[in-house]
Structures are given as structure tokens and as C-alpha cells.
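Below: one structure, written as C-alpha cells.
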Amino acid sequence: MNVLIKEKAIFQKVKEIGKQINADYENKNPILVGVLKGAFVFLADLLREIEIPVEVDFLSISSYNGKESSGVVRLTNDLSLNIEDRDVILIEDIVDTGRTVSYIIKNLKTRKPTSLVVCTLLNKKEDRIIEVPLTYIGFDIPGVFVVGYGLDYLNRYRNLKYIGVINGK
Ligand code: IMP
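Just so we're aligned, residue 1 is where the sequence shown starts under this note's numbering, counting upward by one.
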């Protein structure tokens with residue numbers, strides 16, 4: 001495994017994003033919506049850097065089989081909270097083609113939130129097919145397949161504390 005982003009660098013970045021959210025949402029109480037499964041580690045760490053009142057919810061999406069995106073995005077588990085008239089921050093592990101985030105944004109907007117922004121730990125700009133607005137970005141990374149810190153390859157490696165690239169992949 002080659003380390004692309006070290007644990008310390010992730011820790012620092014998560015702190016920075018948390019600070020930014022604290023400032024941007026002062027006197028508000030947003031809902032953080034984590035996209036499962038990949039975003040659960042990032043969300044858990046980010047949440048603890050947030051000092052304003054905040055609520056948490058999750059939705060599940062399926063679209064990937066191993067390393068290849070099927071291109072078909074499906075909502076497999078919906079939110080439990082009502083997001084109408086609420087400020088929503090969508091928390092993603094990685095934005096690659098943009099298909100997933102674009103699908104989720106469209107879906108959530110029909111529920112009439114006051115605001116909806118995207119916060120992603122990783123951004124693979126060069127693979128983008130659909131342009132999506134990203135308000136908070138942890139790291140821009142090259143178009144390589146990464147694992148760790150919540151991200152998987154065939155459901156493994158989510159437990160790594162760093163972001164890595166599997167040798168030979
Ligand atoms: P998109 O729809 O192509 O933007 O892909 C977004 C989703 O694909 C993410 O939420 C991840 O679950 C998955 N994904 C994309 N690239 C990677 C990667 O390098 N490693 C692990 N999962 C990835």
C-alpha cells in the first residue's frame with residue numbers, strides 16, 4: 001500500500017474544515033448528511049470539530065461494483081429527518097465523476113431545504129463528468145483509486161487511518 005495522504009494531514013484538514021463550518025454556520029443549526037458507507041469516518045471526525053448545534057443523518061447510495069462505476073446511482077436508504085427549511089451540509093468521502101453527488105443534490109432539493117452545500121474530503125477533478133458545486137474540499141487528488149479512512153475496495157480497507165493507493169492497482 002502506498003500512502004497518499006498521511007493520518008496527520010487528514011487530521012489537520014478535518015480541523016480546518018470544522019473551523020470553517022463553525023464560522024459559516026454561526027447561529028444556525030445545520031443537518032450534516034453523511035453518504036454511506038464511505039463518508040462515515042470523515043463525518044465522525046468532522047462532527048467532533050463542530051461546535052455549533054448540529055444534527056446528523058445518513059443516506060445510502062449504491063453505484064459502484066469494485067473499482068468501476070456502473071454509472072447508475074440508486075438511493076438504497078433514505079434520511080430519517082425532514083430537511084425542509086433546514087440548512088443541509090452533504091458530507092461525501094470522494095467526488096469522482098460527480099454522478100453520485102449530482103443525483104443526491106437533485107433528490108434533496110425537491111425537499112426544499114433552506115440551503116444545501118457539499119463537503120467532500122477528496123476531489124478527483126480530472127474524472128469529472130458532471131459539474132457539481134463543492135463548497136468544502138479537503139484534498140484534490142489525481143485520478144487514482146484510493147482506499148482508507150472510510151473508503152473501500154470491495155468493502156475492505158475502510159479501517160486504514162490514512163488514504164492509500166493499493167500497489168499494482
Ligand atoms: P462518483 O459518482 O463517480 O462521483 O463517485 C462517487 C462515489 O464513488 C464515492 O462516494 C465513492 O463511494 C466511490 N469512489 C469513487 N472513487 C473512489 C476511490 O478512488 N476509492 C473508493 N471509492 C471511490
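A virtual CB, placed ideally from N, CA and C, is assigned to each residue, including glycine. All values reported here derive from a predicted model rather than from experimental measurement.
For residue i, which of helix, strand or coil comes out of DSSP?
i    : result
I5   : strand
D24  : helix
R48  : coil
S80  : coil
F145 : coil
L43  : helix
Is residue i near ligand 1, in the sense that its beta carbon is under 7 Å from a heavy atom of that ligand?
i    : result
I94  : yes
F42  : no
S60  : no
K161 : no
G98  : yes
F139 : no
V101 : yes
G164 : no
G38  : yes
V33  : no
Which residue from the options puts its Cα closest to that of residue i?
i   : options        : result
G38 : I61, K6 and V3 : I61
Based on the DSSP secondary-structure assignment, which residues constitute the bridge partners of residue i?
i    : result
T120 : E92 and I137
S115 : D87
S60  : L36 and N77
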